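For the sequence shown, this note's numbering gives the first residue as 28, with consecutive numbering after it.
In what follows, a single structure is set out as structure tokens and then discussed.
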Amino acid sequence: MSKVKVAFVGGEENSLCFRGMGFDVFSVNSFEALNNVLPTLRREKYSMIFSEWKFYNQIKKQFEDIRSEALPAILGIPTNPNEMGQGSKYISRLVEMAIGSNIMLQGEE
Numbered sequence: 028m029s030k031v032k033v034a035f036v037g038g039e040e041n042s043l044c045f046r047g048m049g050f051d052v053f054s055v056n057s058f059e060a061l062n063n064v065l066p067t068l069r070r071e072k073y074s075m076i077f078s079e080w081k082f083y084n085q086i087k088k089q090f091e092d093i094r095s096e097a098l099p100a101i102l103g104i105p106t107n108p109n110e111m112g113q114g115s116k117y118i119s120r121l122v123e124m125a126i127g128s129n130i131m132l133q134g135e136e
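Next comes the structure, spelled out in structure tokens:
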């Protein structure tokens with residue numbers, strides 16, 4: 028049985044809990060620092076990569092050429108109130124692309 032490799036990419040303050048859960052942690056606080064980490068994420072073949080939402084799109088772009096493969100799963104995590112709802116918008120868009128209609132429940136307007 029092979030060991031699943033899981034990584035977290037984000038600021039040091041958010042990294043502590045992921046480190047405690049056994050994730051490989053890459054502490055970055057800028058896009059420049061992220062660019063230094065991206066080759067390692069790719070080379071080490073992580074199964075799952077969790078990242079702060081602000082770095083999500085850049086990480087996803089790095090793996091665009093292998094998008095049809097199952098791994099790695101790249102998950103963005105909101106770390107401030109302004110980022111809440113970004114993930115649900117993304118899921119709604121994927122559902123709409125898959126079935127041709129947005130069937131996700133919408134909040135009261």
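Beta carbons are placed, not taken as given, at the ideal position from N, Cα and C, and that holds for glycine.
Please read these numbers as outputs of a predicted model, since none were measured by experiment.
First and last residue of the uninterrupted alpha helix (DSSP H) at residue i
i, result
"V64", "58 to 70"
"E40", "39 to 47"
CB contact flag (residue i, residue j, <8 Å)
i, j, result
"I104", "S78", "yes"
"G37", "F82", "yes"
"K88", "I101", "no"
"V52", "S42", "yes"
Member of the options whose CA lies at the smallest distance from the CA of residue i
i, options, result
"W80", "F35, E59, K72, L68", "F35"
"S54", "P99, R70, T67, E39", "E39"
Proximity test, Cβ basis, 8 Å: residue i and chain B
i, result
"G127", "Absent here is chain B; the protein component of the structure consists of one chain."
Own chain, CB closer than 8 Å to residue i, minus 5 neighbours either side, in chain order
i, result
"F50", "V33, A34, F35, F77"
Range covered by the beta strand (DSSP E) that runs through residue i
i, result
"F77", "75 to 79"
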